[in-house]
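Residues 217 to 468, numbered by our numbering, are exactly what the sequence shown covers, in order. Note that beta-carbon positions come from the ideal geometry of N, C-alpha and C, so glycine has one too. The structure appears right after this line, and notes come after that.
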Amino acid sequence: MGVSIEVNNLNAWYGTNHTLQDITLHIPANEATALIGPSGCGKSTFVRCLNRMHETNPIAKVTGEVRVGGLDIYSETSAVEVRRRIGMVFQRPNPFPTMSIYDNVASGLRLNGYRNRRTLDEVVERSLKQSALWDEVKDELKKKSGASLSGGQQQRLCIARALAVDPEVLLMDEPASALDPVSTAKIEDLIFQLKSQYTIVIVTHNMQQAARVAERTGFFLNGRLVEFDSTHKIFTNPGDKRTEDYITGRFG
Ligand SMILES: Nc1ncnc2c1ncn2[C@@H]1O[C@H](COP(=O)(O)OP(=O)(O)OP(=O)(O)O)[C@@H](O)[C@H]1O
Ligand SMILES: [Mg+2]
């Protein structure tokens with residue numbers, strides 16, 4: 217099941233660059249939340265703070281509170297556990313290129329010590345079905361490498377890999393921006409399906425995409441969260457002039 221994410225007074229830095237300033241927002245469980253805003257406003261940094269990836273950068277610093285399903289991910293659990301519970305999919309599909317499709321999906325489970333063949337088979341099949349890739353690859357699971365798939369298939373493989381370890385949250389940083397319209401539509405359909413089981417946070421530059429898939433939308437500007445509301449409100453009657461300027465294409 218998905219869980220809620222509560223972010224309170226989050227600040228993040230790269231060296232002396234104060235990249236995120238006092239971000240407070242509460243993301244409900246089992247919804248898709250879209251994050252929009254001009255390039256460099258801090259969207260990727262924000263999602264990386266939600267699964268403790270930001271701190272893997274040696275010059276990075278973070279303060280504030282992030283609660284996922286009530287648990288403070290910075291003080292009440294480990295980074296490894298956080299990244300199992302909170303999966304991430306990136307802009308460029310990044311399957312392990314030399315591994316087979318099967319091994320790509322099973323990699324997270326193996327890392328967590330699972331060896332039972334039947335369990336692995338079951339999870340690989342379930343995950344590939346969830347990511348709507350199963351029918352296209354089921355006959356070549358162990359023959360074909362991750363790198364031999366098309367870009368759109370690779371992205372669905374990466375989603376399957378993320379789902380295989382049974383996360384509660386799926387973070388997607390521009391998951392469709394490198395894909396053609398057909399693959400993009402598949403990813404959007406998928407987000408719709410996955411919402412019933414996971415909480416989804418999606419960064420996108422595509423306003424129509426945000427409007428199609430997300431219940432709520434947050435608008436970031438210069439490291440601050442300007443507005444966070446229902447997607448409908450953000451796109452039809454935003455409360456802040458800067459949001460309106462952005463969504464109507466006046467800047468950014
Ligand atoms: N690894 C890094 N080292 C130093 N500064 C960084 C690093 N990554 C991002 N930044 C800086 O942090 C700020 C926010 O960047 P971020 O990548 O979060 O923006 P973004 O909203 O995701 O942009 P885009 O839409 O282009 O992906 C920018 O000023 C950027 O230069
Ligand atoms: Mg980004």
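Near ligand 2: residue i beta-carbon under 8 Å from a heavy atom
i      : result
Ser260 : yes
Glu390 : yes
Gln307 : yes
Distance, residue j Cα to residue i Cα
i      : j      : result
Arg432 : Ala245 : 11 Å
Glu356 : Leu379 : 20 Å
Pro254 : Thr464 : 13 Å
Asp238 : Asn224 : 8 Å
Trp350 : Ser343 : 8 Å
Ser347 : Ser412 : 14 Å
Met423 : Val284 : 27 Å
Tyr462 : Ile275 : 31 Å
Ser291 : Val398 : 42 Å
Arg466 : His421 : 15 Å
Arg173 : Ser446 : Residue 173 falls outside the range modelled here, since the chain spans only 217 to 468, and no answer is possible.
Ala427 : Ile403 : 14 Å
His448 : Thr400 : 21 Å
Lys345 : Leu336 : 14 Å
Any non-hydrogen atom of ligand 1 closer than 8 Å to residue i Cβ
i      : result
Tyr478 : Because the chain is modelled from 217 through 468, residue 478 falls outside the range shown and cannot be assessed.
Thr235 : yes
Phe436 : yes
Gly465 : no
Val419 : yes
Ile275 : yes
Gly470 : The requested residue 470 does not occur in the structure, where the chain is confined to residues 217 to 468.
Gly280 : no
Gly285 : no
Gly362 : no
Gly253 : yes
Gly218 : no
Gly439 : yes
Closest residue to residue i among the options (Cα-Cα distance)
i      : options                        : result
Val321 : Met304, Phe306, Cys374         : Cys374
Glu338 : Arg372, Arg308, Val381, Asp456 : Val381
Thr235 : Leu226, Ile243, Met304         : Leu226
Gln307 : Ala430, Pro454, Ser347, Ala394 : Ala394
Val429 : Ile407, Tyr230, Leu387         : Ile407
Ser220 : Ile289, Asn273, Ser399         : Ile289
Gly258 : Lys360, Val419, Glu404         : Val419
Lys277 : Gly286, Arg264, Gln409         : Arg264
Gly218 : Ile416, Lys457, His448         : Ile416
Asp389 : Pro313, Pro309, Asp396         : Pro309
Thr272 : Leu241, Ala392, Trp229         : Trp229
C-beta neighbour in chain C for residue i, strict 9 Å
i      : result
Gly258 : Of the chains in the structure shown, none is chain C; there is only one protein chain.
Notebook entry, point to check: How do the segment 294-306 and the segment 262-273 stand: do at least 3 beta-carbon pairs fall below 8 Å, yes or no?
Noted result: Contact holds: three or more Cβ-Cβ distances are below 8 Å.
Check: Which whole runs of the alpha helix (DSSP H) in the segment 415-454 are 4 residues long or more, in chain order?
Finding: If we require 4 residues or more, the alpha helix (DSSP H) runs fully inside the segment 415-454 come out as 423-429, 447-452.
Next item on the list: For the segment 274-330, list the beta strand (DSSP E) runs that are entirely contained and at least 3 residues long, ordered along the chain.
Entry: 276-284, 302-305, all fully within the segment 274-330.
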